[in-house]
Structures are given as C-alpha cells and as structure tokens.
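A.B. asks: One structure, pasted below without further comment.
4 protein chains.
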Amino acid sequence: MKQERVSFENDYNTGCHPHLLKALEETNALFTTGYGHDEFSEEARNLIKKACLAPEAMVQFVMGGTQANIIACVAGLKPWQGVLSADTGHINVHETGAIEAAGHKVLVTPSNDGIIDPDAIDQLCRAHYEDPSVEHTVQPGMIYVSLTSELGTIFSLDTLKALRRAANNWNLILYVDGARLASALTSEAATITLPDLAKYADMFTIGGTKCGALFGEALVVTKDDLKNNLRYMIKQRGGMLAKGRLLGVQFRELFRDDLYYEIGRHENRMACLLADRFKEHGYSLYTPPVSNQIFVIFKEEDEKKFKERAIFERWAVLPDQTCVCRFVTSYATTPDMITACFSGMQEDEFHVFQKRE
Amino acid sequence: MKQERVSFENDYNTGCHPHLLKALEETNALFTTGYGHDEFSEEARNLIKKACLAPEAMVQFVMGGTQANIIACVAGLKPWQGVLSADTGHINVHETGAIEAAGHKVLVTPSNDGIIDPDAIDQLCRAHYEDPSVEHTVQPGMIYVSLTSELGTIFSLDTLKALRRAANNWNLILYVDGARLASALTSEAATITLPDLAKYADMFTIGGTKCGALFGEALVVTKDDLKNNLRYMIKQRGGMLAKGRLLGVQFRELFRDDLYYEIGRHENRMACLLADRFKEHGYSLYTPPVSNQIFVIFKEEDEKKFKERAIFERWAVLPDQTCVCRFVTSYATTPDMITACFSGMQEDEFHVFQKRE
Amino acid sequence: MKQERVSFENDYNTGCHPHLLKALEETNALFTTGYGHDEFSEEARNLIKKACLAPEAMVQFVMGGTQANIIACVAGLKPWQGVLSADTGHINVHETGAIEAAGHKVLVTPSNDGIIDPDAIDQLCRAHYEDPSVEHTVQPGMIYVSLTSELGTIFSLDTLKALRRAANNWNLILYVDGARLASALTSEAATITLPDLAKYADMFTIGGTKCGALFGEALVVTKDDLKNNLRYMIKQRGGMLAKGRLLGVQFRELFRDDLYYEIGRHENRMACLLADRFKEHGYSLYTPPVSNQIFVIFKEEDEKKFKERAIFERWAVLPDQTCVCRFVTSYATTPDMITACFSGMQEDEFHVFQKRE
Amino acid sequence: MKQERVSFENDYNTGCHPHLLKALEETNALFTTGYGHDEFSEEARNLIKKACLAPEAMVQFVMGGTQANIIACVAGLKPWQGVLSADTGHINVHETGAIEAAGHKVLVTPSNDGIIDPDAIDQLCRAHYEDPSVEHTVQPGMIYVSLTSELGTIFSLDTLKALRRAANNWNLILYVDGARLASALTSEAATITLPDLAKYADMFTIGGTKCGALFGEALVVTKDDLKNNLRYMIKQRGGMLAKGRLLGVQFRELFRDDLYYEIGRHENRMACLLADRFKEHGYSLYTPPVSNQIFVIFKEEDEKKFKERAIFERWAVLPDQTCVCRFVTSYATTPDMITACFSGMQEDEFHVFQKRE
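Residue numbers (the working numbering), protein chains in the order written: chain A, 504 to 860; chain B, 504 to 860; chain C, 504 to 860; chain D, 504 to 860.
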C-alpha cells in the first residue's frame, strides 16, 4: 500500500519539528502586530544576526524559497542585468521562469556538480565587457549559487572566497540560496560557517522549509545599499506574511539553542546511513553524499524494486540509460525508515542488472 | 502598558482558530507529498467545491492575498489589458504596485463606499472603445472587487449580477477578492452566498488569513479557460507552498463543519457589539457596520483617549480634520475586549469635542 | 472630399522639414557604423550639449516618444517605485500602459492645466512617508512632466525650480517629456530655456517627431548615475536604431543653425493666428493658446461645420455637453491653411449655438 | 585611413535604396493621418498580403527588429511560457534580454548552424510534459527561428514543415524572424517562398532595415487569434511610429515591383562574389555562403591584413585560436568594394599562417 512505503521524496513532506510546533501552540493566542513587526520576529532576527556575527546585517523573513529568489534578484539587479547561475541552478530550472517573469535573464554556465565555477564567471564577464557591442548583450549583475546545491553538493570556503573575488572584479552581487543551509553548514565536509556567509556574500537565505520549519526563509542582507527599501520589494512580490510572527516564532526556536544545526546534523546522519547502505549493496552515487540529498544510480529494475519500499524521485536519465534517483532526508527521517527501505530484499535482488553483467 | 491594551488593529494579530491548530498538530508527523497534491488538500478542495455547489470549479490554495491578486490578474489579463478597481481597492493602494510590477495598469474609478460601480465600468469601457485611438489606451480586461470591501462594506446580489452583466458586455473577467469573505457571507446584510459567487464570478478567493487560519487563500476558478495552467502561474509567482498540506489541513477544517461561517458570524457579532457601544456614546460611523471592520469618526482627543485602551489604526483624516479610525474584530475577539476598550472612561470623556460644540 | 480638407489633426502628418530631407538625401550613400556611433550622431550630440550649456550631459537618440518615456522611467526608477504624473500626462493616458508594462505604477495627481502641481507632489510624498505601513504603498521615485503639456500649456521657470525642490526634498528624479519642446521653448510665454532644463531636470527629451523630424527624440541626461548603462536600457527596450545616423543627421540639422527654434516659432505663430481667428469669431479656448496646440470649445454644430473644412480631433466633452477640439500646427502649416479652415463660412454660421442663447 | 576602407560591417551602414529615398521625397509634403492609418501603409499592407498569397493575413509595420521580436513574443506567449530558440538566436544573445524584460524565458537548444532543430524541440517539449512537476518548469509556448539565421544559413521548406509539425504537436506558435528575409528568399539555395511562410508560420517578419529600407519591419500574422489587439501591443511596446506612413511608403516601394527580391538577389550576388574570392585565396568559410552574410575563418594575421582594407566584425574565436570574421553585403555593396577588399595584396600575403604550416 502506498501509505506504508517510507518517504525519501523530499524534505518537506511532514509538518515541522516538534519544538517549533510547541512554540506555535504556546504563542497562538497572543496578540501581536503584523508583518514581522512583532517581538518574536525581532528576537529571531537578533538571534540570526548574532549567529552570523553580523550585527549590522538586515534580516527579513519571507514565506518561501522562490519568493526569496525573486526578491533577491529584483533587489540586486539593474533592469538590464542578468543573474549568473549554474545550469542546474534552481532559479534556472525549477521556478517556472520566475526570474524572467521579474524581467531578468538567467545567464547560465555549465556545471557538473551543481556549483557555479568562479573561472566560468570570469570568462563570461570578460567576454561581455570585451564585446564592442557590449550593450547588445545582458550585463552580468549577480552570482546565484545554492548551498547545498541542487545536486546535494557543497562548496568550500575557498570557492566562496573565489566567488567573492569574481564578484568584486566584475561588480556583481553575490547571493547564496541557502534553502538547505542547515545541512550544508553541518556537513562533515563543511568548511563554511554562517559568519563566513555573512562576510563574503552580499545576500543569502537561511532556509526554514527544508530544515524543520512549516515554511519560511530568512533573507540576510549584508550589503548596505541592498538593505533600504527591501521591505517594499517583499510586499510587492507577495512575500510579506500578514501573521509575520509565525516566521519569527519558528526561526527564534531554530536559532535559540542551535536547533538549526541539530536538525542539519540529523538530516546528514540519516543521509550518510542511507548512502552507506546503498554503497554496501554495490550502488554508485552520482555525487558525493555530503548533505541530506543523495543521488543513487539505478538500473530501471533496481528503481522498481526500491519503489516498492520507498518514495523517491527519479532525477535524471543518464546516457547509458541508468537513472539517477534522489533520496532526501529530513528532521523526521528515522533509522527505521532506512531499514525499511531495504526490508525484505534478498541479497540477489540488489543491483540486479549490474551483477548480471 | 502596551501589552495591556486590547487589540482591534486587524484580523491577523493572533495565530489561528484552535480547531485549525489542533488539526495541524494531529497531522504534523504524517508524511505526504508536497505542493498541494496531498489528501488533505484534495479533501479541502472538494469541500469548497461542494460548499460552492460548483463541482466543475478549480480550487487552488496560495499563501497570501497579494499573491492571489497577482496570480488572478496575470492569469486573467492579456498583456495590453488593465484591471478595473475602485480607487480604494487593495490592489490599487496597498500592494506596493504588485499588479503594475506584473505588467498591468489598475484602471481606477472613484468610489465612496469601497465598491466599484457597475455604471462606472460601463462608462469607462464605452469611452475606451469609442476612442478612435483605442489602442493608445489600456484595454479594460478584468473587474476587481473586494468582498468585504476595504471600507467594511458589502455589496448585494443585485450588484453582483450587475457586475456580471458589465463583464459580459465588455468581455471582462470578474474577480472577487474575498480576503474577508467569512465576514461578508455571514453579515446580517448579506444577500450573496458562496454558490452565488461561483455562479457569477469568474474567479474569487476565499480568505483564510483574516478568517481564522494561520495563512492561506483559496482561489476558486469557474471560468474554464482560466483553469488550465493556473498552477504554472502560482509557482512562477512564488505562491506555491512546498508543504501545501498546511493549507489543505486548515481549509478542510474551515469547511468541514461550517467553521468558516461560524468564525464569520463571531467576527460580525463582535463588530456589531463594538459599533453599538460607539453609537451609544454618540460616535458616528464612517460606513455602515455590516462586517468585521468598523470605521469610527473621532476628533483627535477622542482618538487619544481610546488609544490608551486599545490598539487600532487611523484610516484617514477627513476635510474637517476629524479622523476615521478602523477597529477590526477576529475569531479571537471577546466581549471582554470590547468592554476593556471603554473601561474606566467617565461619561464626560466620550466624544469630548463634539459635546463642547 | 476628404483630401481637400486642411489638416490640423496633429503635428506628425507630413514627412520632415525640407532641410532635414535634404540632409538625409546628401548623406544617404555614405557608409557609417551603426547604432549611433557614427559621426553625424556625434556631431548632433555635441550641438545639443552646446545648446544646453551642458558639456557633461549624456545625449542619446531614440526612435519615438513612448520609447523615450519607457527608457527614462525604467532607468530612473527602482522596482518598487512609481512615477508621479498629472492625470492628463501622456504616460498615464496615451501609451497603452507602457510604464506599467515595464513594472511601474503611475501615481497620478489631478490637474486642470496638464501640469503637475509641486505642492501636490509634496502632499503625496509626505503622506507616503508618514504612513506607518509605508512599504505597502508604491514609493514615489520620479516626477514626469511634459513641456508643452498635453493641453498645450507650458510651465514657468519658477515652476521648474519648484519641481526641482520637490525632487530634492523627496529624492525624486525629475524628468521632462519634451515631445513638443520646440514649441515650448519658443512660446511668447516661455521663461524656460534649454540650459534651464539641463540645470534643473535630471533627464529630458528634445522631441524631433513633432518638431519637424521624420522621427526621433533626443534623451538628455544630466544626472551622473543615470548616464552609465543607459544604452543597455535603450537596446533592451527596442529603442536603438540600427541606422542610428538617421537620428544624427536630423538632429544635427535641427541644431546646426537654430532650425529647431525656427520651427517652434513657426508652429507657434500659426497656432496664434488660428487662435486669433477663433477668438475673433467668438469662440472660447479651453487653455491659453501659448504653443502649437490650441483647444477650442465648440457646440456640436460648430464642430460639424469646421469638420467640413478641416481635420482635427475632439479632445473631450465637457459636462455642459460642449466639446473641446484640438487644432495642432506644425512646420508645414501655412497661413493659407488657416484661411481655408474658415473659408466660405458665413458670419452667421460661426458659433451658431452660442449666439442663439 | 579609416574612411577609405570598404565596409562589410553590416547591412545597415548606409541610408536606403534610391527608389525608397525618391518615394520618401515625393510624398514628404503630403498630409496624412498618423500611426499607419494612411493610404501608403494600406497599399503596402495589401501588396504584402498579395505577395504572401494571404489575403486574410494581418500586416503591421514596426520600427525595428528587437521591437518586432518583443511584440511577437509577448503577443504569442502566455505569462508562464517561454520561447524556444537556437542558442545562437538573436533574441537569446543580442537583444540585451529584451524577451526576459518582457517576462519570458528563452528556452535554448544547442545548434551548430544557427537553426533550431525540430527534433530538439520535440525532445524538450516531451521532457517538459513528462515531468511530474510540470508546473515547476517553463512551458514551451513558441518557436523562434530566424531566416536567414545569425550564421547566414537558411533552412529548407522541409525544415519549415517539420517546425510546423512540432508546433502542432506541442501547441506552439511558430514565429520566423525575417530581418534578412530578402536575402533568404532569393538565395540560390532557397526552397522557401513568402507564401510558404504565410502558410506554415503563425507570425513572421519581413525585414526592411537590412534589406534596403531606412528602417522598419513588416509583421505578418496569419493565426487568427493573434491578430486582434496586436496594435495595442505595438503601441505599448513603443513600436508604433507616429509618422507611420514612412513605413508604408518604403514597403510599398519594396513590394511594388519586386524591388525586395531584387535587393535580396543583389546582396547574395555580392556575397557570393566575395566568398568566391576568399575561397580562391584558400580561406575556409565557417558556414555555407548562401546569403548576404559570409563567415570567413582567419588566423589573426590574416584578419589584420584585411582590416587594413575593409571593415568587418570578428564573430567568434574558435578553440584552435583561429577567428571567424563576418562580412555582410547590402543593396549598396558594389563589385568594386569587393575588389578593394583584396586590393594591393601580394599573393604571399593571403592566408599567411596556413601556408607556413
């Protein structure tokens, strides 16, 4: 039966972490003012600024990730500018052209691992400015990079610094989409911290939805001239929640006792466990399993077998007709769910096609 | 002290109705798929279609009212069209130009009571099509009307029918913004029902945020060619909630046992009580108190007195320098709050200036 | 017969001034580079900067007035800002929502004479910034004012200075649409010169289309941070002419020997003559006849009589059912055309209805 | 000296064909109504419809190619749709993001010869509709293909039919950008005629600017529901010329006695001659020389030599560091210019590097 399959479909298929639910219950009957001017939001903003070691930063909460990306791009770009992104970037492939609908081209560079290459940025910008008909092409204005990436990968502090240098060289805004930042910051491979992001990026988001909240992203802005008027932009783009306190209450909880990191570590531990089990059974991973998304390479028969036990997405079909399947863990994933994923499978059912070859 | 004042600031300054909170708690740990494809959302959609007597309608949930308005306008308008609205309409004054940012002009007509006049629509459209340079002006494409209006008023079934006729005459989409629909439908003055809206409007929203939910609006579409592809539009405009079930769970609760109507009636009762108290003390109301927003005319000294006891908004300053103050009730308003609003005021403190005159 | 009627329909119903035509012929076979990088354009830009006493200004040519207005608004406004305009402003009524299609609201203030009132700007801006929910409304970002106005009026140097003060007070860009600038600068009532515009406005256009050219507007930008990147904006909005030299050749001619002023003076003289004739015959003018557009008040029967002799537009119908008709003169208007407008009319045919009253 | 070099920079570096200039002179003093409602425009529209064997088509003139592309895309696409283009397509690379500024993503497919592959369209559309999260990606809505392409190539009638089939299969508008259509239709390799375009495309342009006119493109629309309201779109996007007759006069001339074809043939003949000369001297062409743009592969030293004699653009640098240079012919190109391009070069100066290898 459908309900009995364990779900690794994504990290937004339950409600929220019990601590957040409790906080929402406890504050439910209180009267506050709207639109994020409440005390919970204020406290949450302060906790985030403290965690970022960035007392001067501006923090604003919005409801969802697409909204955050739209707002960041519109606020950061001039009308004739575009945003640089890896071809796999969420803004390029999975937001129904939201950035273009807001008037801006996504300038893509190819990427194998989901992370935009600082050298590719240099090349693209140099080519732009060397073109004698420079004004006939879109001016690069912003770098978009997601952490973790859409392929579950993370980039290093060195890469972050290189992106900053590229941004400085070409007068670009550096924006980091942290929809899954909890997982990225607590990865065993992580070299980037929240204060690093605050130091090197001009804007970034701290994702709530995929990190244990019901919904919500914190948009952190460190570049001064992007701070003013940001709330106009949020309101105009439909990102300002009337009951803004809901975001405040949740982010306060996430950042009060490092729950955000705890959730990230849990997600990663579960993903690691799952990856190990796949590897034990001889499966290859498409990208290194460093965060809460793991990408397993299946032959079609394998996929079918696992589909009987678990819910997950097919991500891509490779040229050799094997397919890449994505398994995502969340605050709600348990070791039992991982066991269930492999339950009752006979040893000879694993990796059926590979073995025969 | 600030906290001790009772709040009539708006209808979104608490969490949600206890029944909804309970339902969110009970379903919190369940795994479902995302983006509104879950069973709760499906059930909620069906309940709404049933309540509308509109089995063929399309129902989609979005996070907020500005989003709903953007999506409705972009989905319903051609690129060269504008949306007709009373000058007081929310899309014209309080959404930071969201409709224009989506490419469309708001074509305003003056209104005293917050409701667009069907005759004014006729005139504006006739003038447009009689202009020999017709293509030099924005083509009217949609009627926007809010129920209740931004001035707390409601319109009658006759007006709804007249709007439908105007829409038919001039090939306009008729869209009703029902952010406060619970209050409108249950007003003692109400002549419009949900099935009426489904019958006469092409699109309308059933507001959740201001009617007891944490957040969320149901967008109901009855016109066939607006149904297809609506979800693309919702996603593109940042209105599609990853944990879409949160909307499903809440609207299921609102429409399972007529809780939506119960909340509306409660809001209206409290508003009535409050209006009566003001009238008893000799205050005039700016618009008839038929819904959960009442607009009291104060001299500045009156406003000050009440500000000591209650939180409310100054809406406008009239030419005679009196000011119009808005008091809003919600599912959480209690009779005690109304009492507290007048508590300890001596008889001679009421309406201080008027009396002296 | 249609062709025999003299035309006062507008100032763009012939080709171009013979001097310009000659210059186009003489340069037709020469090879130049495109997009305004040619020597004619360079020379024209220099002549204009000289005429403006503004060596630091940036001058760019675009094909038409709507384009110029779009480009000015998009270049000068932030995404959350709107442009202030008199309700009669061209951008508000006769550009099919071009500004909104570019994402910006036109914030209108009522005007009787087609000129935005500096005090109304102050009030609107003050109201905006005093609103505690400031970010829920569109931020004023630019002043749009046309010279001459759409009602044929012009404003004084004092008003220009007052607009500059308002712009400074509220951090607004001041943009002057000079589609009919030749007429405005050479009006007998004129107190504003080109150098004044360059001194007090941040951007303005010097209209070609309605001042003797085949087409084309010169966009003059004096504010430094609006200069950079303007050509990107022009290209993106379809305003960059491949054979840009056509604009250069024409504007060079217009500004080489003060032909621009000569054309303006001719237009105004013809308009004056026409106005005098109407006044002689007892007609009232809706606005003072200070430029090349005059607005005559007709009863319907009058309009009919004149329609037999001349082509002109009905501009508006007044509450008393008289109508305002617009007569426009151009470089091509001759005294004979004015005579023909009244030719063969018996004295008792003039102003037929008024006399009977 | 700069002026003495012959120019193959592009096909818009002179004025217009003498016949057009003469017609503009002859009609210059006539009074007509504006915005394309004049008799010249009417006649030109009829001539074009006749040449297309498409009496039911709608023909509208706009000032430039970028405008035409913006208008076609906005008119043909729904807000959630994107336009399919070869990666080399003009709308993708050389219009400063004009299409995105109008709200639409350009969905690119790789192309070696500048022509979008009908099979690639099929694949992209199939992948879109097979995606279970279909609404998270941009819906394909239109095919953009240029004829001639940006690489000087042309496609066959078979390809046009295949594009039509793809359009039918996936409910796409088929739009052909004919900025250089004169050259394409008269190419020795041509298999497509104007009536073919009218039969298989939903919209296409007949370029004037690059085919002997001062400026202007005819937008031909054959699909019924794209015809209505198109003029609103043209006005809104700044594409409606006040003195619209200038477009009418020119296109009337181009289509009265097949001058359009004559110009195309001349352009092609000159290009052929030039290509032959390059081939004689051992140079390779990057794409087949079938139209008025030819792309020669140079080593840097070759480029330098030719730069002394001619003006042309470097188009691209190939991986082996040779560069592709573009030579464009126009109605004004003469055999003498071609001779001059090679004048005084010693035999051993040609292809200097290749020979040494």
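C-beta: ideal position from N, C-alpha, C; glycine also.
1. Output the residue ranges of the beta strand (DSSP E) runs that lie fully inside the segment 723-805 of chain B and measure 3 residues or longer, sorted by chain position.
2. Please list, in chain order, all residues of the same chain as Met504/C whose beta carbon is under 6 Å from its beta carbon, the five residues on each side excluded.
3. Can you look up Ile817/D in the DSSP assignment and give me helix, strand or coil?
4. What are the partner residues of Ala589/D, as DSSP defines its beta bridges?
5. Thinking C-alpha only, which one of His631/A, Gly537/A, Gly592/A, Asp625/A is nearest Ile618/A?
6. For Thr712/B and Glu512/B, what's the separation of their Cα atoms in angstroms?
7. I want to see whether chain A comes within less than 8 Å of Asn795/B, judged by CB atoms only; does it?
8. Cutting at 6 Å between CB atoms, please list the residues of its own chain near Gly681/C, excluding the five before and the five after it.
9. Does the beta carbon of Trp583/B sit closer than 8 Å to a beta carbon anywhere in chain D?
10. Could you please give me the residues that DSSP links to Phe830/C through a beta bridge?
11. If Gly655/C sits next to Ser833/C, beta carbons under 8 Å apart, how far is it from one beta carbon to the other, in whole angstroms?
12. Which of helix, strand or coil does DSSP assign to Tyr632/B?
13. Per the contact definition of three or more C-beta pairs closer than 8 Å, is the segment 724-734 of chain C in contact with the segment 693-707 of chain C?
14. Show which residues of chain A have a CB atom less than 9 Å away from the CB atom of Phe718/B.
15. Scan the segment 638-706 of chain A and note each continuous beta strand (DSSP E) run of 3 residues or more that stays entirely inside, going in chain order.
16. Between the segment 665-681 of chain A and the segment 751-768 of chain A, do three or more beta carbon pairs fall short of 8 Å?
17. Using the C-alpha atoms, what's the distance from Gln739/A back to Gln506/B?
18. What in chain D is Cβ-close to Lys738/C, meaning under 8 Å?
19. Do you know whose CA, among Asn516/A, Val509/A, Pro521/A, Ser510/A, lies nearest Leu757/A's CA?
20. When burial is assigned at 16 or more other CB atoms within 10 Å of the CB, is Pro698/B buried or exposed?
21. Got a sec: is the Cβ-Cβ distance from Val641/B to anything in chain C below 8 Å?
22. For Gly710/B, which beta-bridge partners are listed by DSSP?
23. Looking at the structure shown, is Met848/A part of a helix, part of a strand, or coil, going by DSSP?
24. Against chain A, which members of the segment 681-713 of chain B pass a CB distance test of less than 7 Å?
25. Count the other CB atoms, across all protein chains shown, that sit within 10 Å of the CB of Arg734/A; report buried if there are 16 or more and exposed otherwise.
26. Please list, in chain order, all residues of the same chain as Lys664/C whose beta carbon is under 8 Å from its beta carbon, the five residues on each side excluded.
27. Name the chain D residues whose beta carbon is nearer than 9 Å to that of Leu762/C?
28. Chain D beta carbons: is any one of them nearer than 8 Å to that of Val577/B?
29. Using a threshold of 8 Å, state whether the C-beta atoms of Ala685/B and Glu546/B are closer than that.
30. Just checking, does the segment 578-594 of chain C make contact with the segment 608-623 of chain C on the three C-beta pairs under 8 Å criterion?
31. Between the beta-carbon of Ile624/D and the beta-carbon of Leu660/D, is there less than 8 Å?
32. Exposed or buried, what is Leu862/A when buried is set at 16 or more other beta-carbons lying within 10 Å of its beta-carbon?
33. For Asn551/D, which residues in the same chain have their Cβ closer than 7 Å to its Cβ, ignoring the five residues on either side in sequence?
34. Note down the Cα distance separating Lys808/A from Glu852/A, rounded to an integer number of angstroms.
35. Taking Gly606/B as the query, report the chain D residues whose CB atoms sit under 7 Å from its CB, ordered along the chain.
36. Rank Pro838/C, Asp728/C, Lys553/C, Glu638/C by C-alpha distance to the C-alpha of Arg772/C and give the top, closest one.
C.D. replies: Reading it off the structure:
1. For secondary structure counted as the beta strand (DSSP E) over 3 or more consecutive residues, the segment 723-805 of chain B holds these complete runs in sequence order: 796-801.
2. In the third sequence, residue 504/C corresponds to position 1, counting from 1. Residue confidence is low: Met504/C scores 37 on pLDDT, short of 50, so the model does not pin down where it sits. No coordinate-derived value is stated.
3. Taking the fourth sequence and counting its residues from 1, one reaches residue 817/D at position 314. What sits at residue 817/D in the sequence shown is Arg, not Ile. In this structure, Arg817/D counts as strand in the three-state DSSP scheme.
4. Position 86 of the fourth sequence, counted from the first residue, corresponds to residue 589/D. DSSP, once it has assigned bridges, lists Thr612/D as partnering Ala589/D.
5. Taking the first residue of the first sequence as position 1, residue 618/A is located at position 115. Ile618/A has its Cα closest to that of Gly592/A, out of His631/A, Gly537/A, Gly592/A, Asp625/A.
6. Along the second sequence, one-based indexing puts residue 712/B at 209. Along the second sequence, one-based indexing puts residue 512/B at 9. Distance between the alpha carbons of Thr712/B and Glu512/B: 14 Å.
7. Taking the second sequence and counting its residues from 1, the one referred to as residue 795/B is at position 292. Judged by the 8 Å Cβ criterion, Asn795/B is not in contact with chain A.
8. Position 178 of the third sequence, counted from the first residue, corresponds to residue 681/C. So the qualifying residues of the chain are Leu650, Phe707, Thr708, Ile709, Gly710.
9. Within the second sequence, residue 583/B is the residue found at index 80, counting from 1. Yes, its Cβ sits closer than 8 Å to a Cβ of chain D.
10. Counting from one through the third sequence, the residue named residue 830/C turns up at place 327. Answer is Ile797/C.
11. Counting from one through the third sequence, the residue named residue 655/C turns up at place 152. Counting from one through the third sequence, the residue named residue 833/C turns up at place 330. Contact flag wrong, Cβ pair sits at about 14 Å.
12. Sequence index remark: in the second sequence, residue 632/B carries index 129 (1-based). Here Tyr632/B sits in helix by DSSP.
13. yes
14. For this step, residue 718/B is matched to residue 215 along the second sequence. Those are Met566, Phe718, Leu744, Ala745, Lys746, Leu749, listed as they occur along chain A.
15. Every beta strand (DSSP E) stretch that sits fully inside the segment 638-706 of chain A and reaches 3 residues is listed by chain position as 642-649, 676-680.
16. Between the segment 665-681 of chain A and the segment 751-768 of chain A, the count of C-beta pairs closer than 8 Å stays below three; the two stretches do not touch.
17. Here the question's residue 506/B lines up with position 3 in the second sequence. Here the question's residue 739/A lines up with position 236 in the first sequence. Any answer about Gln506/B is weak, because its pLDDT of 48 lies below 50 and its placement is not dependable; what the coordinates show is given next. Whole-angstrom Cα-Cα distance: 30 Å.
18. Within the third sequence, the letter at position 235 stands for residue 738/C. Result: Thr569, Glu598, Thr599, Ala601.
19. Looking up residue 757/A in the first sequence gives position 254. It is Pro521/A.
20. To locate residue 698/B, count along the second sequence from 1; it is residue 195. That one is exposed.
21. Position 138 of the second sequence, counting from 1, holds the residue named residue 641/B. It does: the Cβ of Val641/B has a partner Cβ on chain C nearer than 8 Å.
22. Here residue 710/B is taken as the residue at index 207 of the second sequence, counted from 1. Its beta-bridge partners are Glu720/B.
23. Numbered from its first residue, the first sequence carries residue 848/A at position 345. The answer is coil: DSSP assigns Met848/A none of H, G, I, E or B.
24. Thr712
25. Counted from its first residue, the first sequence places residue 734/A at position 231. By the 16-neighbour rule on beta-carbons within 10 angstroms, Arg734/A is buried.
26. Here the question's residue 664/C lines up with position 161 in the third sequence. Same-chain partners within the cutoff: Tyr703.
27. Reading the third sequence from its first residue, position 259 is the one you call residue 762/C. Simply none; closest approach about 16 Å.
28. Here residue 577/B refers to the residue found at position 74 of the second sequence. So yes, Val577/B belongs to the interface.
29. Stepping through the second sequence from its first residue, residue 685/B is reached at position 182. Stepping through the second sequence from its first residue, residue 546/B is reached at position 43. No, the Cβ-Cβ distance between Ala685/B and Glu546/B is not below 8 Å.
30. yes
31. Here residue 624/D refers to the residue found at position 121 of the fourth sequence. Here residue 660/D refers to the residue found at position 157 of the fourth sequence. Contact: no.
32. An answer regarding residue 862/A cannot be provided, because it is not within the stretch 504 to 860 covered by chain A.
33. Stepping through the fourth sequence from its first residue, residue 551/D is reached at position 48. Before going on, a small fix: residue 551/D reads as Ile here, not Asn. The answer, listed in chain order, is Val562, Ile709, Ala721, Val723, Phe754, Phe758.
34. Taking the first residue of the first sequence as 1, we reach residue 808/A at position 305. Taking the first residue of the first sequence as 1, we reach residue 852/A at position 349. Each residue's alpha carbon lies about 8 Å from the other.
35. As a working note, residue 606/B is residue 103 in the second sequence. In chain order: Gly606.
36. In the third sequence, the residue the question calls residue 772/C occupies position 269. Among Pro838/C, Asp728/C, Lys553/C, Glu638/C, the Cα nearest to that of Arg772/C belongs to Pro838/C.
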